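>
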Amino acid sequence: MTFHLQTMSKCIEDAHGGSFLEELSIKWSDHNKALQMIRDILMYMDRTFIPSTHKTPVHELGLNLWRDNRADEKHNQNANGFGTFVYQEDFEKPFLEVSADFYRAESQEFIECSDCGDYLKKAERRLNEEIERVSQYLDAKSEAKITNVVEKEMIANHMLRLVHMENSGLVKMLLDDKFEDLGRMYNLFRRVPNGLSTIRDVMTSHIRDTGKQLVTDPEKSKNPVEFVESLLEKRDKYDKIISLAFSNDKTFQNALNSSFEYFINLNPRSPEYISLFVDDKLRKGLKGVKEEDIETILDKVMMLFRYLQEKDVFEKYYKQHLAKRLLSGKTVSDDAERSLIVKLKTECGYQFTSKLEGMFTDMKTSQDTMQGFYAAYGAELGNGPTLVVQVLTTGSWPTQSSITCNLPSEMSALCEKFRSYYLGTHTGRRLSWQTNMGTADLRATFGNGQKYELNVSTYQMCVLMLFNNADYLSYREIEQATEIPPSDLKRCLQSLACVKGKNVLRKEPMSKDIGEDDAFSVNDKFTSKLRKVKIGTVVAQKESEPEKQETRQRVEEDRKPQIEAAIVRIMNPGGYWIIIISSRRSQSNCNLGFWLTLGRLRNGLSPLLSEISWKGIMQTGDCIVIWPEGKKILASNLFFRNKLDFRVLLFLVDPDSPAKIQFYPLVSRIWANGFILAEVHKFDINNGRALTKGQQPYRTQQQCSVYLTQMWPSDGCTFEFFSTKKVYSATPNKIPGHE
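Taking the UniProt record's numbering, I'd label the letters of the sequence shown as residues 1 to 739.
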């Protein structure tokens with residue numbers, strides 16, 4: 001039978017064209033009839049012998065032989081290949097064209113009569129329908145092609161119109177927290193080229209615009225706590241959107257960070273306001289709050305802190321506010337205070353928090369000192385006034401040289417005793433009293449016999465104690481007796497005489513302002529529901545303009561030696577200068593930079609700092625402009641905010657030919673948020689590549705330096721340096737902004 005089938009197969013193969021199928025049908029019919037006849041002849045064997053020996057039945061054996069000796073296999077292969085070609089040319093291509101026309105017309109109809117949310121739902125439904133249709137009826141390879149058609153006609157061609165659609169586009173979705181619609185837009189737009197960048201750009205623009213309105217709104221700026229709370233609410237809102245709708249996309253997170261960094265620094269008082277927010281929370285806002293919730297609040301504060309470009313300004317204000325909390329004993333939680341300092345230290349390094357930690361050390365040391373003082377003089381002091389002295393280390397505290405007021409005789413004698421004790425136990429030290437930072441608790445009895453305990457400042461104590469010996473005192477008499485500075489004295493008297501419910505003094509004439517001709521007396525009719533009355537000094541919550549200028553001046557003074565130390569000039573045998581330039585934004589809105597007056601090095605020695613001219617120049621964005629010998633070189637992306645450390649870019653300038661620049665490969669590691677982005681472990685002079693570990697090679701010496709400045713993340717990097725004797729040249733024809 002096998003030989004017969006092989007002969008039959010040969011006959012079928014010899015048939016061509018349409019006769020092939022006819023010949024195949026005839027041969028199959030003949031073979032089937034022959035099988036039936038053979039099966040009938042061998043029926044008894046099929047019923048008895050085959051089952052007992054587990055052999056293949058006659059009919060099935062004949063079918064297997066036909067299959068194994070098929071003549072149509074080669075023809076099937078040709079037919080299948082031809083069928084694929086027919087499918088693609090005669091069906092798939094026209095199908096895709098017709099589908100494109102259909103979806104083009106339908107999308108135009110949809111977009112004219114639907115809002116953005118409804119349109120996206122229809123587009124999503126059409127996309128799912130096509131995927132289902134392919135799985136049911138078409139070749140699997142057609143799925144990508146038909147979905148590309150739907151994506152192009154219904155999404156890509158209408159992206160800009162959808163995101164900018166009035167009253168329903170992306171901005172409206174963001175404002176109304178439409179997480180489902182935003183998620184649908186994200187999932188659809190990610191399927192088309194530039195889809196996500198379109199969403200990201202519109203979102204970034206919206207956040208920046210609304211953020212700018214927030215930080216420049218005069219009403220918002222009146223209350224620093226509400227100002228910061230608005231920032232945190234805005235940040236929480238977009239964090240939630242990115243988490244729920246945008247799949248925690250890192251590029252959207254980076255865009256959000258960049259936007260917040262942009263508009264927070266538009267308000268020069270942002271560092272002060274964030275510090276005031278912390279001050280409010282650590283004074284009273286965290287009472288009864290769970291420890292984990294406290295940590296959450298502090299983490300949010302640190303998030304805003306990272307956005308600040310002037311972190312040292314924040315440090316100045318924070319130190320002032322922390323000092324007031326510690327000295328007044330008004331902090332809610334020492335653990336919370338220390339936790340925030342640890343976070344600042346982790347973020348900015350030991351140097352940033354060394355003075356803050358020193359303040360806590362002084363508080364602990366002062367407690368030990370007072371225990372020693374009362375152990376030595378307790379019996380001698382008897383039942384007199386109790387003195388508590390905080391010995392503050394100069395430099396760690398935001399103390400200023402102030403005129404010491406005349407203390408009451410009772411306190412003056414006690415202070416002299418402490419001075420003698422302290423200087424006797426600590427040689428080589430000097431004490432100066434900061435009476436403007438002290439407080440006092442007084443027991444007061446008024447005309448109706450009511451007794452109260454008044455918590456006042458040291459200046460207020462000095463004023464009130466005068467009325468033990470006088471019924472009426474003029475402003476000039478009080479000023480002469482206490483020698484309190486006039487501005488402080490007026491605020492002191494205003495809080496004692498003009499604050500309703502705490503007016504323990506009566507002023508004549510009655511007014512809210514203090515004049516030099518005013519007279520004061522004890523308010524015998526003073527009453528309060530509280531036995532302990534705290535009388536604070538009238539002072540603005542935020543700094544006045546003169547105080548702001550004074551703080552700014554102190555910050556600039558602190559910066560000057562750091563910036564000077566960051567300029568290094570080295571002479572090499574070729575007569576070039578290597579200039580390492582490192583700075584941060586010196587003022588808000590980055591309007592202060594510097595230039596160097598370059599002159600030849602004499603005898604191979606570096607010039608004195610006095611030879612360097614510092615002048616204010618305008619800057620744009622994150623740039624610093626340097627003019628060597630009148631030629632301008634613009635270096636982008638020099639300023640970063642994540643660390644206090646200075647960032648650097650290095651030029652090697654030929655004084656005779658300032659347009660010729662060489663780069664000096666000092667950077668060995670590039671850090672961002674504690675993670676190494678790249679490590680330059682070898683600089684190959686032969687082929688001009690800086691090889692890296694774990695990152696793509698920098699292409700040339702010139703591109704190495706430029707690429708480094710461009711790859712840093714928006715939240716900043718920190719450098720680690722190594723020295724080398726070699727200098728590598730590069731032509732600066734592609735340096736951004738080179739003239």
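Ideal placement from N, C-alpha and C gives every residue a C-beta, glycine not left out.
Remember, predicted model here, so these are calculated numbers, not experimental data.
Taking DSSP as the reference, what is the three-state secondary structure of Ala15?
Against the sequence shown, residue 15 aligns to sequence position 15. Coil, per DSSP.
> Mind checking who Trp397 pairs with in its DSSP beta bridge?
Position 397 of the sequence shown, counted from the start, is the residue given in the question as residue 397. Thr394.
> Throw me the rounded Cβ distance for the Thr404 and Thr435 pair, which I believe falls under 8 Å.
Taking the first residue of the sequence shown as 1, we reach residue 404 at position 404. Taking the first residue of the sequence shown as 1, we reach residue 435 at position 435. The Cβ separation is near 5 Å, so the contact holds.
> If you drop the 5 nearest sequence neighbours on each side, which residues of the same chain put their C-beta closer than 6 Å to that of Asn448?
Sequence index remark: in the sequence shown, residue 448 carries index 448 (1-based). Taken in chain order, the list of residues that qualify is empty.
> Hey, is the region 482-491 in contact with the region 404-423, meaning 3+ C-beta pairs nearer than 8 Å?
Result yes; three or more Cβ-Cβ pairs closer than 8 Å.
> Measuring straight from C-alpha to C-alpha, what distance separates Arg429 and Leu423?
As a working mapping, residue 429 is identified with position 429 in the sequence shown. As a working mapping, residue 423 is identified with position 423 in the sequence shown. Distance between the alpha carbons of Arg429 and Leu423 is about 7 Å.
> Buried or exposed for Met510, please, with buried defined as at least 16 other CB atoms from any protein chain shown within 10 angstroms of its CB.
By 1-based counting over the sequence shown, the position of residue 510 is 510. Met510 should be labelled exposed.
> State the Cα-Cα distance for the pair Thr445 and Lys451, rounded to the nearest angstrom.
Indexing the sequence shown from 1 puts residue 445 at position 445. Indexing the sequence shown from 1 puts residue 451 at position 451. Going from the Cα of Thr445 to the Cα of Lys451 covers about 4 Å.
> Check whether the region 49-61 touches the region 87-104, taking contact to mean three or more Cβ pairs, one atom from each stretch, closer than 8 Å.
At 8 Å Cβ cutoff, the stretches do not touch.
> Given this structure, state the Cα-to-Cα distance separating Pro218 from Arg125, to the nearest angstrom.
As a working note, residue 218 is residue 218 in the sequence shown. As a working note, residue 125 is residue 125 in the sequence shown. Spanning the two alpha carbons is a distance of roughly 48 Å.
> How many angstroms separate the CA atom of Ala519 from the CA atom of Phe467?
Stepping through the sequence shown from its first residue, residue 519 is reached at position 519. Stepping through the sequence shown from its first residue, residue 467 is reached at position 467. If I take the Cα positions, the gap works out to 12 Å.
> Considering Cα atoms alone, identify which of Lys316, Arg419, Lys324 is closest to Gln553.
As a first step, residue 553 is located in the sequence shown; it is residue number 553 there, counting from the start. Ranking Lys316, Arg419, Lys324 by Cα distance to Gln553 puts Lys316 first.
> Keeping to the same chain, check which residues put their C-beta closer than 8 Å to that of Ile111; ignore five residues upstream and five downstream.
Walking along the sequence shown from the start, residue 111 turns up at place 111. So the qualifying residues of the chain are Tyr119, His158, Arg161, Leu162.
> Spell out a yes or no on whether the region 378-394 and the region 340-353 are touching, meaning 3 or more CB-CB pairs, one atom from each, closer than 8 Å.
Flag = no, the region 378-394 and the region 340-353 do not touch.
> Starting from the C-beta of Thr527, find all residues in its chain whose C-beta is less than 7 Å away, skip the five residues before and the five after it, and write them out in chain order.
Counted from its first residue, the sequence shown places residue 527 at position 527. These residues qualify, in order along the chain: Gln450.
> Look at the alpha carbon of Leu286 and the alpha carbon of Ile274, and state the distance between them as a whole number of angstroms.
Walking along the sequence shown from the start, residue 286 turns up at place 286. Walking along the sequence shown from the start, residue 274 turns up at place 274. About 16 Å.
> Can you list, in chain order, the residues of its chain whose CB lies under 6 Å from that of Met465, leaving out five sequence neighbours each side?
As a working mapping, residue 465 is identified with position 465 in the sequence shown. If we look at Met465 and ignore the five residues flanking it on each side, its Cβ neighbours are Pro408.
> Do Thr251 and Arg200 come within 8 Å of each other at the CB atom, strictly closer than that value?
In the sequence shown, residue 200 corresponds to position 200, counting from 1. In the sequence shown, residue 251 corresponds to position 251, counting from 1. For Arg200 and Thr251, yes; Cβs fall inside 8 Å.
> Indicate whether the contact test is met: 3 or more Cβ pairs, each with one atom in the region 135-150 and one in the region 170-187, closer than 8 Å.
These segments do not touch.
> Just the C-alpha distance for Asp335 and Ser221, rounded to the nearest angstrom, thanks.
Here residue 335 is taken as the residue at index 335 of the sequence shown, counted from 1. Here residue 221 is taken as the residue at index 221 of the sequence shown, counted from 1. Going from the Cα of Asp335 to the Cα of Ser221 covers about 30 Å.
> Which class does Asp513 belong to by DSSP, given the choice of helix, strand or coil?
In the sequence shown, the residue the question calls residue 513 occupies position 513. Residue state, collapsed to three classes: coil.
> Can you give the Cα-Cα distance for Tyr421 and Leu326, rounded to whole angstroms?
Position 421 of the sequence shown, counted from the first residue, corresponds to residue 421. Position 326 of the sequence shown, counted from the first residue, corresponds to residue 326. Between Tyr421 and Leu326, the C-alpha separation is close to 24 Å.
> Tell me, to the nearest whole angstrom, how far the beta carbon of Phe277 is from that of Val225; I am working on the premise that it is less than 8 Å.
By 1-based counting over the sequence shown, the position of residue 277 is 277. By 1-based counting over the sequence shown, the position of residue 225 is 225. 5 Å between Cβ atoms; contact.
> Judging by CA-CA distance, which residue of Gln320, Asp139, Pro486 is the nearest neighbour of Asp279?
One-based indexing of the sequence shown puts residue 279 at position 279. With distances taken between Cα atoms, Asp279 lies closest to Gln320.
> State the start and end residues of the unbroken alpha helix (DSSP H) segment that holds Asn128.
What you label residue 128 is simply residue 128 of the sequence shown in a count that begins at 1. Where Asn128 is concerned, the enclosing alpha helix (DSSP H) stretches over 116-137.
> Given a cut-off of 8 Å on the beta-carbon distance, is the pair Gly395 and Lys355 in contact?
Walking along the sequence shown from the start, residue 395 turns up at place 395. Walking along the sequence shown from the start, residue 355 turns up at place 355. Yes; because the gap between Cβ atoms is below 8 Å, this pair is in contact.
> Roughly how many angstroms lie between the CA atoms of residue 744 and Thr331, to the nearest whole one?
Only positions 1 to 739 of the chain appear in the structure, and residue 744 is not among them; the question remains open.
> State the Cα-Cα distance for the pair Thr458 and Ala323, rounded to the nearest angstrom.
Mapped onto the sequence shown, residue 458 falls at position 458. Mapped onto the sequence shown, residue 323 falls at position 323. Spanning the two alpha carbons is a distance of roughly 16 Å.
> For Lys152 and Gln253, what's the separation of their Cα atoms in angstroms?
For this step, residue 152 is matched to residue 152 along the sequence shown. For this step, residue 253 is matched to residue 253 along the sequence shown. Near 27 Å, if we compare the C-alpha coordinates of Gln253 and Lys152.
> Can you give me the Cβ contacts of Lys145 inside the same chain, cut-off strictly under 8 Å, excluding the 5 residues immediately before and after it?
To locate residue 145, count along the sequence shown from 1; it is residue 145. Excluding residues within five positions, the ones whose Cβ falls inside 8 Å are Glu92, Leu96.
> Would you please verify whether the beta carbon of Thr445 is less than 8 Å from any beta carbon of chain B?
Of the protein chains in the structure, only one exists, and it is not chain B.
> I'd like to check one pair, Val149 with Tyr87: are the Cβ atoms closer than 8 Å?
The count along the sequence shown starts at 1 and reaches residue 87 at position 87. The count along the sequence shown starts at 1 and reaches residue 149 at position 149. No, the pair does not count as a contact, with Cβ atoms beyond the cut-off.
> Looking at the structure shown, is Glu453 part of a helix, part of a strand, or coil, going by DSSP?
Here the question's residue 453 lines up with position 453 in the sequence shown. Strand, per DSSP.
> Could you give the distance in angstroms between the alpha-carbon of Thr393 and the alpha-carbon of Arg491?
The sequence position of residue 393 within the sequence shown is 393, counting from 1. The sequence position of residue 491 within the sequence shown is 491, counting from 1. Rounded to the nearest angstrom, the two C-alpha atoms are 28 Å apart.
> Helix, strand or coil: how does DSSP classify Glu483 here?
Taking the sequence shown and counting its residues from 1, one reaches residue 483 at position 483. Glu483: coil per DSSP, three-state reduction.
> Could you check if Glu272 is buried or exposed, using at least 16 other CB atoms within 10 Å of its CB as the buried criterion?
Within the sequence shown, residue 272 is the residue found at index 272, counting from 1. Buried, by the Cβ-count rule.
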